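A short write-up of the structure that comes next.
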Amino acid sequence: MKECFATITGEVIKGRQIGRTIGFPTANIAVEGDQQQMLANGVYGVTVFLEDSSHRGILNKGIRPTFRDPSMECYEVHLFDFSQDIYGKKLTVHVHFFVRAEMKFPSVKYLIRQIKQDILAVREQMESAVGQLSNVETGSLCDAGAIHFTDLQFVKYCEVQYGVNRGVYNTIDSWFYDKGIHHVLERRTKILQFFRYASSLAVKNGEKLSFGNGGLVLGLNKFWGQAEGNGLKWEEVDRLPNSLHF
Ligand SMILES: Cc1cc2nc3c(=O)[nH]c(=O)nc-3n(C[C@H](O)[C@H](O)[C@H](O)COP(=O)(O)O)c2cc1C
Numbered sequence: 001m002k003e004c005f006a007t008i009t010g011e012v013i014k015g016r017q018i019g020r021t022i023g024f025p026t027a028n029i030a031v032e033g034d035q036q037q038m039l040a041n042g043v044y045g046v047t048v049f050l051e052d053s054s055h056r057g058i059l060n061k062g063i064r065p066t067f068r069d070p071s072m073e074c075y076e077v078h079l080f081d082f083s084q085d086i087y088g089k090k091l092t093v094h095v096h097f098f099v100r101a102e103m104k105f106p107s108v109k110y111l112i113r114q115i116k117q118d119i120l121a122v123r124e125q126m127e128s129a130v131g132q133l134s135n136v137e138t139g140s141l142c143d144a145g146a147i148h149f150t151d152l153q154f155v156k157y158c159e160v161q162y163g164v165n166r167g168v169y170n171t172i173d174s175w176f177y178d179k180g181i182h183h184v185l186e187r188r189t190k191i192l193q194f195f196r197y198a199s200s201l202a203v204k205n206g207e208k209l210s211f212g213n214g215g216l217v218l219g220l221n222k223f224w225g226q227a228e229g230n231g232l233k234w235e236e237v238d239r240l241p242n243s244l245h246f
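Printed below as a string of structure tokens:
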């Protein structure tokens, strides 16, 4: 999978090694620099780059609240079909999509059952993404998780994924609010549909996504007009013909 909305790099350090006793060995990553803020606590589908190989896997970021001594925030990845010792090696992790929030389970038995389901879900999503999804749709998988981020994380996500700065983001957010979209999740969903739509057009025209010279409000009006005018359900907006010019 090519598309990712966050990248994490760091060295593999020793964890408590409970992972291997419950059947899911994980590599704990000492992340470099200021990458912490990028992700909400939870489980994600990832690709892990290790020296010259890459592997699919699953990431948990959080404090592991099921255990009696929840740790400091940590990042750990479980690599699929992989059993080498990689302590001390440097990993780069591409985060593709959100699976679920981290939870406190009543016992380790429930945690294990959930992790098995998470792994199946990630494998299935990755399999289907490889052959069937277009860039726009794969982007929408990442977006589906991002709408649950905190305000700060969501704005950061828009910047990383779509290159939209906070000023532009605020204008777009207010614009949708004024259109009567007062529920935050609904508004974020529409904002991301607008970004995906605008960026698929930009890609088609060989350009970078940019909104200059009053083009932003014009673009929003056209986007809104097309969806409303065509009587589309908003979930169908990604399939609009690419005829929007800002
Ligand atoms: C895919 C995945 C999902 C996880 N989800 C949770 C969770 O929801 N709650 C939790 O307390 N721990 C969760 N964990 C963390 C496990 O508790 C952790 O892997 C275990 O404590 C082993 O850590 P250690 O190898 O550093 O000792 C998850 C781990 C993985 C790999």
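In terms of this note's numbering, the numbers along the sequence shown are unbroken and rise by one, the last being 246. Glycine included, each C-beta is placed from N, C-alpha and C at the ideal position. This one's a predicted model, so the numbers in the text were calculated from it and none came from an experiment.
Below 8 Å, how does it come out for the stretch 87-96 and the stretch 43-60: are there three or more Cβ pairs, yes or no? With the cut-off at 8 Å, the stretch 87-96 and the stretch 43-60 touch.
Chain-order list of residues whose beta-carbon lies under 7 Å from that of I181 (same chain, five-residue window excluded): Closer than 7 Å at the Cβ level, and outside the excluded window around I181, lie R187, K190.
Thinking just about the alpha-carbon of each residue, which of E76, F67, R64 is nearest to the one in P25? Measuring from the Cα of P25, the nearest candidate turns out to be E76.
Please give me, in chain order, every unbroken run of the alpha helix (DSSP H) with length at least 4 that falls completely inside the stretch 107-183. Runs of the alpha helix (DSSP H) lying entirely within the stretch 107-183, each at least 4 residues long, are 108-132, 135-146, 151-162, 166-178 in chain order.
Whose C-alpha, out of R16, V12, A146, is nearest the C-alpha of N41? Ranking R16, V12, A146 by CA distance to the CA of N41 puts A146 first.
What's the gap between the Cα of K61 and the Cα of N165? K61 and N165: Cα-Cα distance of roughly 26 Å.
Pick from T9, W224, S53: whose alpha carbon is nearest that of D34? Of the candidates T9, W224, S53, the residue whose Cα lies closest to the Cα of D34 is T9.
Can you find the residues in the same chain that come closer than 6 Å, C-beta to C-beta, to L220, ignoring five residues on each side of it along the sequence? Contacts found: W175.
Assigned secondary structure, G219 (DSSP; H/G/I helix, E/B strand, else coil): Secondary structure of G219 (DSSP, three-state): helix.
Would you call F194 buried or exposed, if buried means 16 or more other Cβ atoms sit within 10 Å of its Cβ? Within 10 angstroms of the beta-carbon of F194 lie 16 or more other beta-carbons, which makes it buried.
Could you work out which residue in L152, H148, Y197, D85 is closest to H183 when comparing CA atoms only? Measuring from the Cα of H183, the nearest candidate turns out to be H148.
When you compare only the Cα positions, how much space is there between Y277 and Y110? Because the chain in this structure spans residues 1 to 246, residue 277 falls outside the shown range and cannot be described.
Just to check, is the beta-carbon of G145 closer than 7 Å to a non-hydrogen atom of ligand 1? Result no, Cβ not under 7 Å from ligand 1.
Per-residue burial, F80 [other beta carbons within 10 Å of its own, 16 or more giving buried]: Classification for F80: exposed.
Spatial neighbours of E137 within its chain, please: C-beta separation below 6 Å, excluding the five flanking residues on both sides. Residue placement at E137 is flagged as unreliable, the pLDDT there being 45, under the threshold of 50; the coordinate-derived value follows with that caveat. So no residue of the chain qualifies.
For a minimum of 3 consecutive residues, which ranges assigned as the beta strand (DSSP E) are wholly contained in the stretch 30-58? Considered as a whole, the stretch 30-58 harbours 42-50 as its complete beta strand (DSSP E) runs of no fewer than 3 residues, in chain order.
Around the C-beta of Y72, are 16 or more other C-beta atoms found within 10 angstroms, so that it is buried, or is it exposed? The sequence shown places Met at residue 72, rather than the Tyr named in the question. With fewer than 16 other Cβ atoms inside 10 Å of its own Cβ, M72 counts as exposed.
Pick from I22, P106, A30, V168: whose alpha carbon is nearest that of T66? Closest option to T66, Cα to Cα, is P106.
Separation of L39 from A30, as counted between CA atoms: CA-CA distance, A30 to L39, rounds to 15 Å.
Please look up how many angstroms separate the CB atoms of D118 and I172, rounded, as I've assumed it's under 8 Å. At roughly 33 Å, the Cβ-Cβ gap does not stay under 8 Å, so D118 and I172 are not in contact.
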